[in-house]
Structure formats: C-alpha cells, structure tokens
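Here's the structure, in structure tokens; my notes come after.
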Amino acid sequence: MTLGLKITNVSKTWNPDGADPVPAVRNLTLDVALGEFVVLLGPSGCGKSSLLYIVAGLEDATEGSVTFDGLEVTEPSPERSLIFQEASLYPWLTVQDNITFGLKIAGQSPKKQEEAAERLLRLVGLVGAGERRPHELSGGMRQRAALARALAMEPKVLLMDEPFAALDIQTRARMQGHLLNIWESSKASVLLVTHSIDEALALADRVVVFTARPGQIKAEIAITAPRPRDMRSPEMIDLARQCEALLGEEVEKSFKEQELT
Amino acid sequence: MSDETLGASLAQSKQGGLVTRVLKRLEPTLWVLASISIFVGFWEFAWWRGWANPLLLPPPHIFLANLPDQFRFFDPGGTRAGALATGGSIFSVLGVIAWSSLRVTVGLALGFVLSLAIGIGIRYFRVFGKLVLPLVTMLAPISPVAWLPVAVFIFGIGNPPAIFLVFIAIFFIMTLATLSQIDNVPVHYIQLARIMGCSKRQIYRHVILPSILPELFVTLRMNLFAAWMAVLIAEAVGVGSGLGQVTMMARNTFNASLVFFTMTLIGLTGFAFDQILRHIQRKVLWWVGPSNVGGL
Chain H
51 MTLGLKITNV SKTWNPDGAD PVPAVRNLTL DVALGEFVVL LGPSGCGKSS LLYIVAGLED
111 ATEGSVTFDG LEVTEPSPER SLIFQEASLY PWLTVQDNIT FGLKIAGQSP KKQEEAAERL
171 LRLVGLVGAG ERRPHELSGG MRQRAALARA LAMEPKVLLM DEPFAALDIQ TRARMQGHLL
231 NIWESSKASV LLVTHSIDEA LALADRVVVF TARPGQIKAE IAITAPRPRD MRSPEMIDLA
291 RQCEALLGEE VEKSFKEQEL T
Chain F
498 MSDETLGASL AQSKQGGLVT RVLKRLEPTL WVLASISIFV GFWEFAWWRG WANPLLLPPP
558 HIFLANLPDQ FRFFDPGGTR AGALATGGSI FSVLGVIAWS SLRVTVGLAL GFVLSLAIGI
618 GIRYFRVFGK LVLPLVTMLA PISPVAWLPV AVFIFGIGNP PAIFLVFIAI FFIMTLATLS
678 QIDNVPVHYI QLARIMGCSK RQIYRHVILP SILPELFVTL RMNLFAAWMA VLIAEAVGVG
738 SGLGQVTMMA RNTFNASLVF FTMTLIGLTG FAFDQILRHI QRKVLWWVGP SNVGGL
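So the sequence lines, in the order shown, correspond to chains H and F. Counting along the first sequence from 1, when you hit position 245 you're at 295 in the working numbering, and nothing is skipped either side. Counting along the second sequence from 1, when you hit position 240 you're at 737 in the working numbering, and nothing is skipped either side.
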C-alpha cells in the first residue's frame with residue numbers, strides 16, 4: 051500500500067455521450083507523497099481544476115483511478131478538503147459557525163466545537179472575528195475562514211483551486227506565507243492549482259506544468275530551495291524563465307485553438 | 498487639522514447630525530405622502546374642472562368627508578349584509594379589515610409552508626417529483642377566479658373558501674419558485690457540504706433550505722398582492738363579510754363614495770402588509786443585506 055495520493059492514467063471527458071464531448075484531462079499519472087506541496091501550473095481551461103474535482107471525489111474520472119492511502123476515491127470526504135477561488139462561506143452562518151460546520155455535522159459536542167473554533171481562528175489570524183458575518187469580512191479574511199473550515203476537519207490533503215486568484219497582490223503574498231506556515235504545522239499534503247508562475251515557485255516542492263486542453267503533464271520541476279524563497283535570487287529567476295517558456299508554448303496553443311472555433 | 502478646528506467640526510457635524518438624522522428618518526414617509534398627493538391632486542383638479550362626475554368618481558374630499566356615514570356599511574360579523582348593515586363605529590371598520598387580513602394571513606402561511614414542502618419534496622424524491630411536477634405546472638396558470646366555484650363546492654360559505662382561494666393564488670407559483678431556487682443554489686455550497694460529510698438530508702436541511710429562504714420570502718412578498726386580490730374576490734362572492742363584500746355591496750347599491758373609501762382601505766392594508774413582511778424579512782433573514790430587501 052502506498053500512502054498519499056496516487057492518480058493513475060486518469061482521463062476526464064465532460065459530456066462524453068453528448069454531441070460535443072469536451073476532453074478535459076487525458077491519461078494523467080501523478081503521485082503526491084504525504085506532506086508534499088505540489089502545484090499544478092497551466093493555462094486557464096487546461097483541466098487542472100477538473101483533476102482537483104476528481105481527486106476530491108466530486109466528479110468521477112472517465113478512465114483511470116485515484117487512490118488515497120491505498121483506497122479508491124469514490125466519494126467526497128473531509129480528509130480531502132477542497133478550497134475554491136471564492137471562499138463560499140455560508141452567508142447565513144457566522145464565521146465561527148462556518149468553521150465548525152463540518153464538526154457539527156460530524157456530531158461533535160458544542161464544547162469541542164467551541165475549542166476547535168478558538169484554536170483555528172487563532173491559527174488563521176482571525177481572533178475576534180468569530181461572531182462576524184461572512185459579508186462583513188474582506189476577501190482575504192474570508193479565504194482564511196474557508197481555510198480554517200477545511201482545517202477543522204483535519205484533512206490529509208488540501209486541494210486548492212486558485213485559492214488566492216481573487217485577492218489583490220499584497221494580500222496574496224501574505225496569504226501564501228500564511229498557507230506555508232499552516233502547511234508546515236499541519237503535515238497535510240497540498241495540491242494547489244494556479245496559473246501564476248510566481249505563486250507556484252513561492253509555494254511548491256514540485257511544480258507540475260500542464261499542457262493546454264486536454265490537460266496532460268508537460269514537465270515536472272522540483273524545487274529544493276528553502277522557504278521563504280527570494281524570488282529575485284538567480285536560482286528562482288532561472289526557474290521562472292523555465293516555467294515561462296513551458297507555459298508560453300501552451301498558452302500559444304490554447305489561443306490558436308480558440309481562434310479556430 | 499489642529500485640535501481646535503477638529504473639535505469645532507465635530508460639534509458642527511453633531512449638530513448637523515441631529516437635523517439630518519430627523520430628516521433621514523422622515524424622508525421615506527415624506528416621499529410616500531408626496532406620491533399620494535400627486536395622485537389626489539390630479540383627481541381633485543379633475544373634479545374642480547368638472548371633468549370627473551362626483552357621482553361616479555367622487556374625489557377623496559367627498560368620500561372621506563362623512564366617515565360615520567361610510568362606517569355604518571361595515572359589519573365585521575357579516576350578519577347584516579348590504580345596505581341593511583348597521584355597523585357604524587371605527588371598530589366595525591377595523592373589524593372588517595381584520596377579517597380580511599386574517600384570511601390573507603392564514604392563506605399566505607399555509608401557501609408558503611406547503612409550497613416549500615412540496616417544492617422540496619419534488620426535488621428530494623425523484624418519483625414524487627416526476628409524478629407531481631407536471632400537475633403543478635398545469636394547475637399553475639389557472640386563475641384563482643376559476644377556482645372560486647370549486648372553493649364554494651368544497652368548502653361552502655365562510656372563511657374556508659376565502660382562505661383556500663388565497664392559498665391557491667400563491668401555492669403553485671411558490672412551488673415553482675421553490676424549485677427554481679433549489680436549482681439555483683450555488684453548486685459550491687453543495688459540494689462543500691458533501692466534502693464536510695453531509696448526507697442528502699443534511700444538505701437539504703443545513704444548506705439548501707437556508708439558502709433558498711430569502712429569495713422565497715421576496716417571492717412571497719411579491720405575491721402578497723395576488724393574495725389580496727384573491728381574498729377580495731372570495732369575499733365579494735362566497736363569504737359574505739370582509740372588505741370584498743363591502744365593495745361588492747357598494748357596487749350593487751351604486752354607492753361610488755363607498756367604493757372608493759373601501760378601495761382606500763384595501764390599498765392601505767395591503768401597504769401595511771408589505772411593510773410588515775419586509776420587517777419580518779429583515780429580522781428573520783438577517784444574512785440578506787439590507788440592500789437586498791428592497792427600497793422604502
């Protein structure tokens with residue numbers, strides 16, 4: 051049995067029996083070890099989000115298999131938590147009730163929920179915001195609350211779908227630092243989707259570059275530099291150039307495809 | 498800014514604040530009054546120029562002039578119907594309004610709860626949905642007026658047919674609205690609930706229900722006026738009391754003043770109902786920002 055996430059020969063076609071089937075991911079194989087931080091980098095619409103949904107168990111793969119800790123993924127589970135680009139907090143619940151939503155569903159006692167909420171609010175830097183409503187928070191705060199909600203379920207892998215794309219650059223950098231701290235203390239694996247090269251290089255142990263749709267793995271780049279990384283160091287600039295070259299070809303391809311249709 | 502000027506400007510803003518605050522509070526009311534005044538103004542002007550026959554279109558200063566004379570046509574019990582009614586006080590008028598309001602309230606409450614239950618049932622139980630949805634869609638376009646004979650056949654005379662008619666006026670529309678709201682729940686809400694380990698039942702209870710309630714309440718408010726129209730029809734024909742009955746009796750006795758007086762009462766009561774629902778919406782469904790509650 052292999053621990054961690056194992057994606058084997060996965061293909062996904064949207065609308066497979068319809069008149070206009072859309073292949074999203076083709077024949078993709080990828081392993082994410084325990085505690086590893088893997089970033090999927092690719093042009094928009096290349097199927098990287100589809101892959102995330104399959105791993106979360108929200109969508110079935112058309113072909114291939116996904117196993118987690120040796121068990122086939124067939125349905126969603128709190129141990130594979132997903133974080134969306136928009137925080138998607140429930141607007142009718144307070145921040146604290148949002149964070150403990152999963153614990154309440156799991157039938158934990160109110161006292162335990164209270165304790166968990168306090169710990170998590172501190173962890174994500176939202177102390178004192180527990181009684182606020184989601185619409186009263188800034189985008190960054192909302193995304194931190196969403197992170198706390200995912201962490202409440204003690205996930206073994208965090209799946210993140212362009213989690214910081216809707217935030218401004220400054221907030222984004224802070225959130226990345228935050229995420230790294232939380233990741234280091236939680237020992238969870240992270241599979242994060244982004245189209246930002248800087249974000250990929252700042253965060254990842256391993257960057258997986260996707261091709262244009264249907265998504266396949268074009269290249270894998272391991273990054274050993276310790277964090278926090280100086281993005282202006284020669285090593286990082288060199289990596290950024292590599293990524294840019296790889297990504298540029300694919301963006302070109304997907305542009306051409308769009309022009310045809 | 499120096500401390501002194503800061504203090505002065507603070508005092509000024511405090512003073513200005515009081516006047517502005519009072520004006521701010523009064524502003525909605527002033528607009529309502531202005532809106533009514535324009536309408537009344539045109540009407541009175543038409544009467545003054547002799548365009549509006551006071552027998553057919555008596556302006557407000559005529560139909561509001563002799564209130565006790567109008568009041569005597571109102572009998573909350575509905576036992577002495579028509580021109581024979583010998584009510585007479587403001588309380589009998591309020592009593593008549595109360596009866597109509599009660600029918601509307603009960604009908605609305607029943608319609609809201611049942612349409613919510615049936616709507617959720619249609620989406621929750623597949624077979625039930627497939628069997629019931631075509632029926633609901635076919636019955637929805639039938640006007641409450643067409644249901645009136647049915648209401649009387651089933652319930653006879655009295656409160657039940659009026660309540661039934663209010664119920665019918667909103668039930669099918671609200672059921673279809675419930676379905677469309679369920680289908681429009683953001684897909685991320687449901688995906689998150691699934692990840693958090695919610696069962697289907699828990700998703701409906703903890704996610705779908707709270708996320709559809711605000712919009713449904715708005716729909717209810719929009720159909721409030723349809724409910725009022727239905728109750729007036731029922732009262733005019735099948736019940737024998739209430740504002741609808743007074744209007745019909747006024748028509749039959751060619752009492753134009755009474756017609757317009759009753760219409761005024763209906764308008765004011767409907768307005769009050771809308772305000773009350775709006776208030777409930779604000780209190781109960783706090784997560785919808787005040788901007789989404791609608792103006793006024």
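Glycine included, each C-beta is placed from N, C-alpha and C at the ideal position.
Beta carbon proximity, Pro160/H to chain F, threshold 7 Å: Your numbering for residue 160/H matches position 110 in the first sequence. It does not; no Cβ of chain F falls within 7 Å.
Proximity below 7 Å, CB of Lys268/H to CB of Val259/H: Here residue 268/H refers to the residue found at position 218 of the first sequence. Here residue 259/H refers to the residue found at position 209 of the first sequence. Going by C-beta atoms, Lys268/H is nearer than 7 Å to Val259/H.
Cα-Cα separation between Pro565/F and Thr144/H, rounded to whole angstroms: Residue 565/F sits at position 68 when you count from the first residue of the second sequence. Residue 144/H sits at position 94 when you count from the first residue of the first sequence. Near 54 Å, if we compare the C-alpha coordinates of Thr144/H and Pro565/F.
Runs of beta strand (DSSP E) lying entirely within the region 175-263 of chain H, each at least 3 residues, in chain order: 207-211, 239-244, 256-260
Phe664/F: first and last residue of the uninterrupted alpha helix (DSSP H) it sits in: The residue given as residue 664/F occupies position 167 in the second sequence. Unbroken alpha helix (DSSP H) run through Phe664/F: 656-680.
Option nearest His558/F by Cα separation, candidates Phe570/F, Val629/F, Ile660/F, Trp544/F: Residue mapping note: residue 558/F aligns to position 61 of the second sequence, counting from 1. Checking every option, the nearest Cα to that of His558/F belongs to Trp544/F.
Supposed contact pair Gln226/H and Ala252/H - C-beta distance, whole angstroms, cut 8 Å: Position 202 of the first sequence, counted from the start, is the residue given in the question as residue 252/H. Position 176 of the first sequence, counted from the start, is the residue given in the question as residue 226/H. Right, their Cβ atoms sit about 6 Å apart.
Ile133/H at chain F interface by Cβ criterion, 7 Å: Taking the first residue of the first sequence as position 1, residue 133/H is located at position 83. Answer no: the Cβ-Cβ gap between Ile133/H and chain F never drops below 7 Å.
Segments of 4+ residues assigned as alpha helix (DSSP H) that fall wholly inside the region 91-139 of chain H: 98-106
Cβ pair count under 8 Å reaching 3, the region 683-695 of chain F against the region 129-149 of chain H: yes
Element boundaries [beta strand (DSSP E), containing Ser708/F]: Looking up residue 708/F in the second sequence gives position 211. Not the beta strand (DSSP E): Ser708/F falls in the alpha helix (DSSP H), residues 706-731.
The region 188-195 of chain H in contact with the region 214-225 of chain H per 3-pair CB rule at 8 Å: yes
Limits of the unbroken alpha helix (DSSP H) element including Asn800/F: The first residue shown for chain F is 498 and the last is 793, placing residue 800/F beyond what the model contains.
Exposure label - Ala272/H; buried when at least 16 CB within 10 Å: Here residue 272/H is taken as the residue at index 222 of the first sequence, counted from 1. Counting Cβ neighbours within 10 Å, Ala272/H comes out exposed, since fewer than 16 surround it.
Classification of Trp548/F by the beta-carbon crowding that lies within 10 angstroms, buried from 16 upward: Taking the first residue of the second sequence as 1, we reach residue 548/F at position 51. Looking at its Cβ environment, which holds fewer than 16 other Cβ atoms inside 10 Å, Trp548/F is exposed.
Straight-line gap, Lys62/H to Met203/H (C-alpha atoms, nearest Å): In the first sequence, residue 62/H corresponds to position 12, counting from 1. In the first sequence, residue 203/H corresponds to position 153, counting from 1. Approximately 28 Å, taken between the alpha carbons.
Cα-Cα separation, Leu706/F to Leu108/H: On the second sequence, residue 706/F is found 209 positions in, with the first residue counted as 1. On the first sequence, residue 108/H is found 58 positions in, with the first residue counted as 1. If you take the alpha carbons of Leu706/F and Leu108/H, they lie about 21 Å apart.
At least three beta-carbon pairs within less than 8 Å, the region 730-743 of chain F to the region 656-663 of chain F: yes
Proximal residues of chain F, C-beta to C-beta of Phe151/H below 7 Å: Taking the first sequence and counting its residues from 1, one reaches residue 151/H at position 101. Result: Met693.
Where Ala106/H meets chain F, residues with beta-carbon distance less than 7 Å: Position 56 of the first sequence, counted from the first residue, corresponds to residue 106/H. Ordered by position in chain F, the residues that pass the 7 Å Cβ test against Ala106/H are Ile692.
Distance between Ala111/H and Leu673/F (C-alpha atoms, nearest Å): Translated into positions along the second sequence, residue 673/F becomes position 176. Translated into positions along the first sequence, residue 111/H becomes position 61. When rounded, the distance between both Cα atoms is 34 Å.
Cutoff 7 Å; reference Leu740/F; Cβ partners in own chain excluding five residues on either side: Sequence index remark: in the second sequence, residue 740/F carries index 243 (1-based). Excluding positions up to five away in sequence, the list reads Val593, Ile594, Ser597, Leu729, Glu732, Thr759, Leu762, Ile763.
Where Trp644/F falls: helix, strand or coil (DSSP): Here residue 644/F is taken as the residue at index 147 of the second sequence, counted from 1. If DSSP states are grouped into helix, strand and coil, Trp644/F belongs with the helices.
Contact between the region 84-92 of chain H and the region 238-245 of chain H (3+ Cβ pairs under 8 Å): yes
Closest by C-alpha distance to Ala254/H, when choosing among Met210/H, Arg169/H, Leu296/H: Your numbering for residue 254/H matches position 204 in the first sequence. It is Met210/H whose Cα lies nearest to the Cα of Ala254/H.
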